[in-house]
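*Asks:* Below is a structure I'd like to ask you about.
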Amino acid sequence: MGFGQAQPGAAPARPGRFPLHPGLFFLTAALAVLGLISTYLYFVRTTTGQYIDDIDESALVEVAAAKRGVGEQTSHFLDALPVTSVVIGALLVLLITIWRKRWLAAAIALIAMGGANLSTQLLKASLPDRPDRGVPTLDLNSLPSGHSTLAASSAVAVFLVASPRWRPFVAFAGGSYAVVSGTSTLINQWHRPADVLAAYLMVGAWSALAGWAILRWGKDWNSWQGFGQYWVSSRIWPLLSVLIGIGAAAVAVFSLQALAAPKAISSNNYFLAGAAMIVISGYLISVAGVLLFGWEPRRRSAKR
């Protein structure tokens, strides 16, 4: 079977001709903003949240050892991931745009990418230092993570201009890249896991709005027959994301239980708990994107 070729007997999708309902996209954007605000209020403004951040900073001690363990070359590779994501994302968006002539979609995707990164920097600069809640922690605000926003928004830009049948695979691949890049900011001791989560939510809000615009003005190519018509649209991709997220949740539970044990001495549990938080949030948002962007094109095909 060829690259992205339909399975035998599959009927070709035809574009629909009925209005797009924006409610889910605007609701998703609003929920992402609400999640971002909640992340800040909990992890920065509350004593419990700052205590968790103090745990995350304890992870930085273990991360320093982990960074030595991965080797100098691997460490340099992790350092370059956020910037590399921009180059890879820009090239893929350019290739898809030229090949498929999706100029408007590319413009919307790039605007969303720029908006997410600009919003992250403005928000980070405008937020005050962390308040003193009696928890020994660094007082400088580092939320949201600019590096993670850069990587996640680059992946989302490719997702937005990709054909509907490609989006399940692109979501998994791009989500995996964003997760690795987000974890690298922890390994490189640049950010706390909550900073990465806030970055993902910022990108999620912008991508939901951009997705509505692309589906609104790109109806001619935004239709598909649902999961399974192509290997790139297989259910295996969101399923893998869910399974990895469940595995990360299990790691987080066992790590936190080990830390809660009397006289527990952690060798890597702080780091594992922090990294698991990044993995869970990254893949959860990837699955949400597949479901959100897959529903409208499939509805359009079903009612054509």
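All the letters of the sequence shown, read from the start, carry residue numbers 1 to 304 under the numbering used here.
For glycine and all other residues, C-beta sits at the position ideal for the given N, C-alpha and C.
Keep in mind it's a predicted model, so treat the numbers as computed, not measured.
Is DSSP giving G226 helix, strand or coil here?
*Replies:* As a position in the sequence shown, residue 226 is number 226, starting the count at 1. Coil.
*Asks:* What do you reckon, are the CB atoms on G289 and R102 nearer than 9 Å?
*Replies:* By 1-based counting over the sequence shown, the position of residue 289 is 289. By 1-based counting over the sequence shown, the position of residue 102 is 102. No.
*Asks:* Does DSSP classify V44 as helix, strand or coil?
*Replies:* On the sequence shown, residue 44 is found 44 positions in, with the first residue counted as 1. In this structure, V44 counts as coil in the three-state DSSP scheme.
*Asks:* Among the candidates L197, W190, Y283, whose CA atom is the shortest distance from the CA of D79?
*Replies:* As a position in the sequence shown, residue 79 is number 79, starting the count at 1. Per the Cα distances, W190.
*Asks:* By Cβ distance, which residues of its chain are closer than 7 Å to G115, with the 5 residues on each side in sequence left out?
*Replies:* Counted from its first residue, the sequence shown places residue 115 at position 115. Only W206 meet the Cβ criterion.
*Asks:* Below 8 Å on the Cβ atoms is my contact criterion, and I expect S153 with M113 to pass it. Report the Cβ-Cβ distance as a whole number of Å.
*Replies:* Position 153 of the sequence shown, counted from the start, is the residue given in the question as residue 153. Position 113 of the sequence shown, counted from the start, is the residue given in the question as residue 113. With a Cβ gap of about 4 Å, S153 and M113 count as contacting.
*Asks:* Put D79 into one of helix, strand or coil per three-state DSSP.
*Replies:* As a working note, residue 79 is residue 79 in the sequence shown. Helix at D79.
*Asks:* Could you check where the alpha helix (DSSP H) with K101 kicks off and where it finishes?
*Replies:* Position 101 of the sequence shown, counted from the start, is the residue given in the question as residue 101. Per DSSP, K101 belongs to no alpha helix (DSSP H) and is neither H nor E.
*Asks:* How many Å lie between P15 and I236 at the Cα?
*Replies:* For the purposes of this step, residue 15 is taken as the residue at position 15 of the sequence shown. For the purposes of this step, residue 236 is taken as the residue at position 236 of the sequence shown. In this predicted model, P15 has a pLDDT of only 41, less than 50, meaning its place in the structure is not dependable; the value taken from the coordinates is given anyway. Cα to Cα, the separation comes out at about 25 Å.
*Asks:* Measuring only the C-alpha atoms, how far is R192 from D220?
*Replies:* Here the question's residue 192 lines up with position 192 in the sequence shown. Here the question's residue 220 lines up with position 220 in the sequence shown. In this model, R192 and D220 are separated by some 42 Å (Cα to Cα).
*Asks:* So the candidates are G182, F159, L239, L41; which of them puts its Cα closest to the Cα of G275?
*Replies:* In the sequence shown, residue 275 corresponds to position 275, counting from 1. Here residue 275 is Ala; the residue named in the question, Gly, does not match the sequence. That would be G182, whose Cα lies nearest to the Cα of A275.
*Asks:* Got a sec, what are the start and stop residues for the alpha helix (DSSP H) T137 sits in?
*Replies:* Stepping through the sequence shown from its first residue, residue 137 is reached at position 137. Neither: T137 is in no alpha helix (DSSP H) and is coded neither H nor E.
*Asks:* What residue from F159, V287, S119 has the CA that sits closest to G89's CA?
*Replies:* Start at 1 with the first residue of the sequence shown, and residue 89 comes out as number 89. Ranking the options by Cα distance to G89, first place goes to F159.
*Asks:* Rounded to the nearest angstrom, what separates Q229 and L291 at their Cα positions?
*Replies:* In the sequence shown, the residue the question calls residue 229 occupies position 229. In the sequence shown, the residue the question calls residue 291 occupies position 291. In a straight line, the C-alpha of Q229 is about 16 Å away from that of L291.
*Asks:* For D129, which three-state DSSP category applies?
*Replies:* Taking the sequence shown and counting its residues from 1, the one referred to as residue 129 is at position 129. DSSP places D129 in coil when its eight states are reduced to three.
*Asks:* Enumerated in chain order, which unbroken segments of the alpha helix (DSSP H) with a length of 4 residues or greater are wholly contained in the stretch 155 to 209?
*Replies:* 167 to 187
*Asks:* Could you tell me whether the stretch 195 to 206 touches the stretch 30 to 43, using the rule of 3 or more Cβ pairs below 8 Å?
*Replies:* yes
*Asks:* Distance check for I52 and T46, CA to CA, integer angstroms please.
*Replies:* For the purposes of this step, residue 46 is taken as the residue at position 46 of the sequence shown. For the purposes of this step, residue 52 is taken as the residue at position 52 of the sequence shown. Spanning the two alpha carbons is a distance of roughly 10 Å.
*Asks:* Given that a residue counts as buried once 16 or more other Cβ atoms are within 10 Å of its Cβ, and exposed if not, what is S38?
*Replies:* As a working note, residue 38 is residue 38 in the sequence shown. Classification of S38: exposed, given that the 10 Å Cβ count is below 16.
*Asks:* Starting from A260, trace the alpha helix (DSSP H) both ways and give me its first and last residue.
*Replies:* As a first step, residue 260 is located in the sequence shown; it is residue number 260 there, counting from the start. Segment 236 to 260, the alpha helix (DSSP H) holding A260.
*Asks:* Around the Cβ of P82, are there at least 16 other Cβ atoms within 10 angstroms (buried) or fewer (exposed)?
*Replies:* Stepping through the sequence shown from its first residue, residue 82 is reached at position 82. So P82 ends up on the buried side.
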